[in-house]
Amino acid sequence: MKLIKNLLFNIKEGLHILINGYVSVYEKRGEYQIVALDARPVGKGSLILAFEQLKEKLEKKGYFDCIHKKNIPILPNKIGIVTSVGGAVIRDIISVLERKFKNFHLIIRDVNVQGITSSDEICKAIDDLCQYGVDVIILARGGGSLEDLWAFNTEKLAEKIFDCPVPLISAVGHETDYTISDFVADKRAATPSVAGEVVILNKTETVENLKEASKKIKNLVKSKMAILKKEFNFLTSRRIFIKPETILNKFNQAAGELCIKLIGNMKRLIRAREKYYLTIVS
């Protein structure tokens with residue numbers, strides 16, 4: 158049996174498939190063969206089967222493991238978006254971003270999100286945005302059927318997302334739609350609008366956290382200053398700071414007495430040594 162080259166799913170032993178084609182004869186051997194023009198699994202669509210097979214393959218390779226997920230940056234200044242600028246998706250994302258925060262730099266790569274070349278275009282767009290130095294990438298598309306979203310279910314795009322050095326958010330379809338890109342991406346957003354919320358959410362929360370931290374630091378400084386001031390007042394209220402000359406005079410007197418004793422002891426020692434040497438000489 159000869160099969161079509163661009164079959165979306167893999168044929169395995171035990172799989173029941175329905176073939177559309179014709180029978181031909183291989184004259185040299187006198188053998189019959191089936192030339193398949195199309196094939197699909199019995200009871201299950203070829204796209205669904207291809208999706209499940211690729212998902213299983215990538216899962217075994219560890220593409221979905223949390224250990225490979227990169228954190229979305231806390232303060233993304235440069236946000237890259239891969240989508241079709243002709244749809245409502247980009248307007249929805251921009252609307253959310255502008256509502257949440259104003260100071261951000263947006264770089265948009267216009268691509269076809271459906272069709273034969275769409276997956277290749279998306280891969281190229283991801284490479285371009287990485288070169289532009291974006292902090293995070295949003296992969297976005299509106300809802301549609303499994304066939305409409307197929308550009309986001311290819312192994313080539315999955316590998317591109319997995320190898321992407323920049324954190325990537327997959328926001329494809331509606332909340333109930335799942336694509337391979339959702340599983341491989343660093344984060345999945347249920348819709349493109351949610352992706353805008355996810356990116357700016359961290360920034361807004363960080364600003365609030367910084368304000369709260371600043372308030373706590375000010376309070377700690379005030380508290381520490383109050384303690385130091387109390388200790389300073391206590392020390393400066395002691396006698397040595399009020400009348401330092403009293404303490405100094407006391408130490409001067411003690412030092413003078415010690416000097417007198419030291420001189421007396423030295424004189425006695427000299428006389429004793431002098432007497433000892435005179436005794437030896439005589």
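Count the sequence shown with the working numbering and you get residues 158 to 439, in order. Built from N, CA and C at the ideal position, the CB exists for glycine as well.
- In this structure, the alpha-carbon of Val242 lies about 22 Å from that of Cys321.
- Considering only Gln288, Lys218, Leu296, Glu213, the residue with the shortest C-alpha distance to Ile279 is Leu296.
- The C-beta of Thr311 has 16 or more other C-beta atoms within 10 Å across all chains shown, which makes the residue buried.
- In the structure shown, the three-state DSSP call for Tyr289 is coil.
- The beta carbons of Ile238 and Ile294 sit closer together than 9 Å.
- Under the DSSP assignment, Ser327 falls in the beta strand (DSSP E) whose first and last residues are 325 to 329.
- Runs of the alpha helix (DSSP H) lying entirely within the stretch 232 to 256, each at least 4 residues long, are absent.
- Note that the C-beta distance between Ala315 and Tyr189 is not below 9 Å.
- For Gln271 and Glu216, the gap between their C-alpha atoms comes out near 25 Å.
- The beta carbons of Val355 and Ala342 sit about 11 Å from each other, so the pair does not count as a contact at 8 Å.
- The three-state secondary structure of Asp277, taken from DSSP, is helix.
- In this structure Thr393 is exposed. Its beta-carbon is surrounded by fewer than 16 other beta-carbon atoms within 10 angstroms.
- The shortest CA-to-CA distance from Ile231 to any of Val364, Asp305, Asn409, Leu415 is the one to Val364.
- Cβ-Cβ distances below 7 Å link Ser380 to nothing in the same chain once the five nearest sequence neighbours on each side are left out.
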